[in-house]
Every structure is written in C-alpha cells, then in structure tokens.
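Below you'll find the structure, written out as structure tokens, and then a few comments.
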Amino acid sequence: MAGLKRPDDVNVPPFETEDLRANLARFLDTPFQDPIGAQRKVGHYKWGVYAFFDYDGEPIYVGQTNEMLRTRIRRHLTNQRTDAVAMSVLDPFEVFEIEVWPLPPFQETSGKDPAAKVHLDALERQITQAAVTDSRFKAILNEKDPPPGELTVEPPPSLRGRIVSDRVYELRSHPDFRIARRALIISRLAQVISERKVQGGLRRVLETQAKRLQWLAERRYEALGGAASVATEVEEDL
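According to my numbering, the residues represented by the sequence shown are 3 to 240, in order.
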C-alpha cells in the first residue's frame, strides 16, 4: 500500500532474523531430562554433539562442543563467526531442524580433560557416520572429518526440533528460492576456493553442494513436467 514505509532509523533486525533467533532460543531453552536424573535447558549442556538438517530432512552438518551447546550453535546460526559460515561451507538459511546429543556426565568437567575429549570425539565420529549413511548423497558439508580414534561409544539420548516458523517456512521452502540460494552459496564457495590455496575438504564441500543443487533442480524440473514442458521452436513463415 502506498505510503506505508519503514523509517530508515528502524533499530530492529529484519523479520526473518528475529524469527530465527526466537525459535532457536526456544529450542535451546527446551527442558531436557538426562539419564543421570538431572534436568536443565538443553542448550546449557557444556559437552555435546549437534547436527543440522535441511528442508528435506537431509543431514548437512555435524559438530561438537565443550564450551556449551547454546554458545556453539548460536555462533553458527546467528552471528556468522565460524569458519563454516564465513567460508560458505554452511548456509544458515538451509537449517530447518537441529538435533543435539548432550553429554551430562561431563557437565562439570574441564574442557581440557583428555578422557572427556576422547569420548566427545568418538561420539562425533558416530553421529557423522550415521549422517553420511542417512544422506542420499552419502556426504555432508563438513570441511573436515572428525578426529580419528578407536573408541566406540553408545550415543546418549538426543533432542531434535524445528527452528523455522510456519511464516519463514513459507518464505524459504519454495523450490525456486532454494535453488537460487544454493546456487549463490556455491558461487561464494567457488570464489573462496579460487582466491586462496585450500585443502581438499573445501573442494569436497563444493562437489557435494553441486550434487545437492543438481538433485534439487532436477526434482523441480521433473515435477513441472520435465521434457514434456519444454516448448518446441516453430519456423516462422517466410
């Protein structure tokens, strides 16, 4: 409607940014009953592993923390201060759901404790392996593999939840928007690779993203009729 304009001095973030922060905070504030009988907000666990999933339920990134789940996950999704986001490895716009595996027994353990770190690394390896197995592309977007080791652990109880509201879902879930956004991220990542000497992990991410883009574009094309939807040129009368 004419005349309805936001003032230039508005001092609040765009709707989508505020909505993400609110839904992320709601998820991280979810009470979690851990196996040792304590209950605290899931984001307040110091040690744990987390995984991000896209709008198709596809696992796209796995990480670990020994500083607090809330701190680490928010760093990825709200302030872009991680290498994964800065290098266009992970696009926060793609994250629809989060699953976290807190480690309550290490809640009071120092972040430098070697035994706890070995356990955390082992859990990250198992969650990463499961994510890769479950992926239709048999790959996720991590630039690096988990630390190696021989220890095998039983994954603890987890919590999975959606961080995208219905309103934002309407904005971001359209396949053409997702194709355009994914192509943009690929372009940014390719630019990063072209401007510096990089390890093989970034090139693996680029390959995986290209496969994900091709799959999404092909699915959209076929859904709209595929080859039957392509017009045929007609010679003009001379």
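All C-beta atoms, glycine included, are put in the ideal place defined by N, C-alpha and C.
Exposed unless 16 or more other CB atoms sit within 10 angstroms - verdict on residue i
{"i": "ASP56", "result": "buried"}
{"i": "GLN201", "result": "exposed"}
{"i": "ALA133", "result": "buried"}
{"i": "GLU172", "result": "exposed"}
{"i": "VAL236", "result": "exposed"}
{"i": "GLU96", "result": "buried"}
{"i": "LYS114", "result": "exposed"}
{"i": "ARG180", "result": "buried"}
{"i": "GLN211", "result": "buried"}
{"i": "GLY151", "result": "exposed"}
{"i": "GLY45", "result": "buried"}
{"i": "THR154", "result": "exposed"}
{"i": "PRO104", "result": "buried"}
{"i": "GLN41", "result": "exposed"}
{"i": "HIS121", "result": "buried"}
Extent of the continuous alpha helix (DSSP H) to which residue i belongs
{"i": "PRO148", "result": "Premise fails: PRO148 is in no alpha helix (DSSP H) and is neither H nor E."}
{"i": "ILE188", "result": "177-197"}
{"i": "PHE108", "result": "Per DSSP, PHE108 belongs to no alpha helix (DSSP H) and is neither H nor E."}
{"i": "THR73", "result": "71-79"}
Collapsed DSSP secondary structure at residue i in the structure displayed
{"i": "TYR171", "result": "helix"}
{"i": "GLY163", "result": "strand"}
{"i": "TRP49", "result": "coil"}
{"i": "THR210", "result": "helix"}
{"i": "THR19", "result": "helix"}
{"i": "TYR223", "result": "helix"}
{"i": "VAL200", "result": "coil"}
{"i": "PRO158", "result": "coil"}
{"i": "PHE139", "result": "coil"}
{"i": "MET3", "result": "Reliability fails at MET3, whose pLDDT of 46 lies under 50, so the model's placement of it is uncertain and the value that follows must be treated cautiously. Note: MET3 maps to coil in three-state DSSP."}
Neighbourhood of residue i by C-beta distance below 6 Å, restricted to the same chain and skipping five residues each side
{"i": "ASP31", "result": "LYS43"}
{"i": "PRO94", "result": "LEU79"}
{"i": "ALA118", "result": "PHE108, THR111"}
{"i": "GLN35", "result": "GLN41"}
Distance cut-off 6 Å: residue i Cβ against heavy atoms of the ligand NAD
{"i": "GLY202", "result": "Within the structure as shown, the ligand NAD is missing, as the structure has no ligands at all."}
Sequence-distant residues of the same chain with beta carbon closer than 8 Å to residue i, five excluded per side
{"i": "VAL207", "result": "VAL91, LEU143, ASN144, GLU145, LEU191"}
{"i": "ILE129", "result": "VAL51, ALA53, VAL64, TRP103, PRO157"}
CB-CB length for residue i against residue j, believed under 8 Å
{"i": "PHE54", "j": "TYR63", "result": "4 Å"}
{"i": "PRO148", "j": "ARG127", "result": "4 Å"}
{"i": "LEU22", "j": "GLU101", "result": "Incorrect: roughly 17 Å between the Cβ atoms, too far for contact."}
{"i": "LEU215", "j": "ALA182", "result": "In fact, because the Cβ distance is near 10 Å, the residues do not count as touching under 8 Å."}
{"i": "PHE98", "j": "VAL166", "result": "5 Å"}
{"i": "VAL194", "j": "MET70", "result": "VAL194 to MET70, Cβ: 29 Å. No contact."}
Opening and closing residue of the beta strand (DSSP E) in which residue i lies
{"i": "GLU101", "result": "99-104"}
{"i": "PRO116", "result": "Premise fails: PRO116 lies in the alpha helix (DSSP H), 116-136, not in any beta strand (DSSP E)."}
{"i": "ILE38", "result": "Unbroken run through ILE38: none, as it is neither H nor E."}
{"i": "VAL64", "result": "61-67"}
Own chain, CB closer than 7 Å to residue i, minus 5 neighbours either side, in chain order
{"i": "MET3", "result": "Here MET3 scores only 46 on pLDDT, less than 50, and its place in the model should not be relied on; the value that follows carries that caveat. Excluding positions up to five away in sequence, the list is empty."}
{"i": "PRO37", "result": "PRO106, PRO158, PRO159"}
{"i": "PRO61", "result": "ALA53, PHE55, ALA133, ASP136, SER137, ILE142"}
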